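For the sequence shown, the working numbering gives the first residue as 9, with consecutive numbering after it.
A virtual CB, placed ideally from N, CA and C, is assigned to each residue, including glycine.
None of these values were measured; they are calculated from a predicted model.
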Amino acid sequence: MEARKIMLKEGEIPRQWYNILADIKLNPPLGPDGNPVKPEDLAPVFPMNLIEQEVSTERWIDIPDEVLRVLSIWRPSPMVRALNLEKALGTPARIYFKNESVSPPGSHKPNTAVPQAYYNKVFGIKKITTETGAGQWGSALSFACCQYGLECKVFMVRISFDQKPYRKSMMEAWCGKCVASPSTETKAGRDALERDPNTPGSLGIAISEAVEAAVSDVTGETRYSLGSVLNHVMLHQTIMGLEAKKQMDLVGEYPDIVIGCAGGGSNFAGLAFPFVLDKINGKDLEIYPVEPAACPTLTRAPFVYDHGDTAKYTPLLPMHSLGHAFVPPPFHAGGLRYHGMAPTVSQLAAEGLISPRSVTQLSAYEAGALFARTEGHIPAPETTHALACVIDEAKKAKEEGKEKVILVNWSGHGLLDLGAYERYFANELQNEVLSDAELSEAEKVFANHPKPAVLKSR
Ligand SMILES: Cc1ncc(COP(=O)(O)O)c(C=O)c1O
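Structure (structure tokens):
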């Protein structure tokens, strides 16, 4: 019988994270005066120990034992050979998926929620605020805060709040508090409601609310936490790619293609960055971040300086962006409804080290349904985007008669997304593709922003 699950022993959990900032150059974030942001400028928003990680260029950073103690509740996560999917596709490709759905909240998100909560705790912070799109991040941070005895307040994008009530219950199970965004609790929320009382919300608006709620707490004991995009988030997520490398070694494989869906970029980065390092050092492989055609930052939006949130509270970040005012259509992959992309992922795309793809909503659900019917596990709507790309590549390998090794991040399960599957099976979902006119309109908000330099890391 061919091996299906490739498991690491608990003692083989990586002890360090890989920091890609040691190997690539990045344009600095810019403040309102147009000058690079200094670490102390970020102090009202994040604890200084995380700001230090955000700007660190050390290649390897130790994972604290107290963080490993919590991560070991579910890590190392399994890598699984998708033998049934391969058979259904009749492909000579060998498909491996890194199953991140085994964490208590059901996705890769706690890989960074746990260290972020830990560093806040060590810094003396009592409460953390955040946004959530799909609800995965809000539940992950609630879980992590619960582990370290911190309060957690989550602003959940209205459309997901309505579509997925049980995510809120999950947050409550871990003592998190969750409100729909835009809310009336913040100025950013009230302004958004005034602009459009029926808005489905967006991650950009929810980030503004969570940042405002943190910095306006007069006790000074509240900080904000972001579930994607920032350098330290990508850093924490590399534990997945480092495990995956060990697991591939165990079966004598190395991927020809690495694939992950990309919203803000963190699950993609976490799996891919340790392989990007190999590519920088001369290895020949393809690396594909996959995004929705309805919110195509890497594949269609320009590489610019833009704000990470709608109310412009964050510095200007060098990233592929559809504009901080962009409200993506309410498609059913809430975690991919973000106007920007991680600066590190954006920089790698600009340099051609990774090759972005986009897929439509219906092809993503079709891939998700095929995966569920072959491999059994029901993927999160975000994850289905990566799976659509896997299936395309596996079919291509069949046409070309090539035995490609494909590694994909199975970023989360879809057990709280069944409402979306129900609509897909009832043929009620459509494809949403951003038109050129919508794109030009969205781009107007950064017309006067400075342009990032074209950097070459090699
Ligand atoms: C299961 C899952 N996958 C992917 C994403 C996209 O986020 P990121 O690009 O940061 O991995 C999310 C975001 O909520 C998610 O919940």
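Based on Cα-Cα distance, which residue from the options lies nearest to residue i?
| i | options | result |
| --- | --- | --- |
| residue 55 | 397, 240 and 161 | 240 |
| residue 169 | 86, 424, 229 and 250 | 424 |
| residue 211 | 15, 62, 448 and 343 | 343 |
| residue 329 | 449, 223 and 429 | 449 |
| residue 20 | 190, 84 and 64 | 84 |
| residue 286 | 13, 266 and 273 | 266 |
| residue 178 | 228, 444, 33 and 114 | 114 |
| residue 68 | 258, 315 and 282 | 282 |
| residue 126 | 384, 51, 416 and 231 | 231 |
| residue 442 | 398, 339 and 221 | 339 |
In the DSSP output, which residue or residues are listed as bridge partners for residue i?
| i | result |
| --- | --- |
| residue 68 | 26 |
| residue 418 | 107 |
| residue 268 | 297 |
| residue 314 | 325 |
| residue 6 | Outside the shown range of the chain (9 to 466) lies residue 6, about which nothing can therefore be said. |
| residue 38 | 44 and 324 |
| residue 387 | 421 |
| residue 159 | 135 |
| residue 468 | The question about residue 468 has no answer, for the chain in this structure spans 9 to 466. |
| residue 87 | 14 and 106 |
| residue 413 | 102 |
| residue 140 | 164 |
Would you say residue i touches ligand 2, meaning its beta carbon is less than 7 Å from a heavy atom?
| i | result |
| --- | --- |
| residue 276 | Among the ligands in the structure shown, ligand 2 does not appear; only ligand 1 can be found there. |
Does at least one heavy atom of ligand 1 sit under 7 Å from the Cβ of residue i?
| i | result |
| --- | --- |
| residue 420 | yes |
| residue 195 | no |
| residue 233 | no |
| residue 243 | no |
| residue 171 | no |
| residue 302 | no |
| residue 344 | yes |
| residue 139 | no |
| residue 272 | yes |
| residue 144 | yes |
| residue 236 | yes |
| residue 115 | yes |
| residue 392 | no |
contact_flag[the segment 236–251, the segment 347–355] where n(CB pairs < 8 Å) is 3 or more: Yes: the two stretches touch, three or more of their Cβ pairs being nearer than 8 Å.
Touch test, the segment 295–310 against the segment 173–182, Cβ-Cβ under 8 Å, three pairs minimum: The count of Cβ pairs closer than 8 Å, one atom from the segment 295–310 and one from the segment 173–182, stays below three, leaving the stretches out of contact.
Three CB pairs or more closer than 8 Å across the segment 370–384 and the segment 449–464: Flag = no, the segment 370–384 and the segment 449–464 do not touch.
Validate contact between the segment 110–119 and the segment 408–424 using beta carbons, cut 8 Å, 3 pairs: When C-beta atoms of the segment 110–119 are compared with those of the segment 408–424, three or more pairs fall below 8 Å, so the two segments count as touching.
Whole runs of the beta strand (DSSP E) within the segment 186–273, excluding any shorter than 3 residues: You should have 230–232 and 265–269.
Stretch-stretch touch, CB-based, cutoff 8 Å, three pairs: the segment 352–372 with the segment 276–286: Touching, per the Cβ criterion.
Segments assigned beta strand (DSSP E), at least 3 residues, entirely inside the segment 333–376: If we require 3 residues or more, the beta strand (DSSP E) runs fully inside the segment 333–376 come out as 365–367.
Stretch pair the segment 214–224 + the segment 138–154: three plus CB contacts closer than 8 Å: Yes, they touch.
Stretch-stretch touch, CB-based, cutoff 8 Å, three pairs: the segment 58–72 with the segment 97–105: Segments in contact, no.
Three-pair Cβ contact test at 8 Å for the segment 71–83 versus the segment 385–396: No, the segment 71–83 does not touch the segment 385–396.
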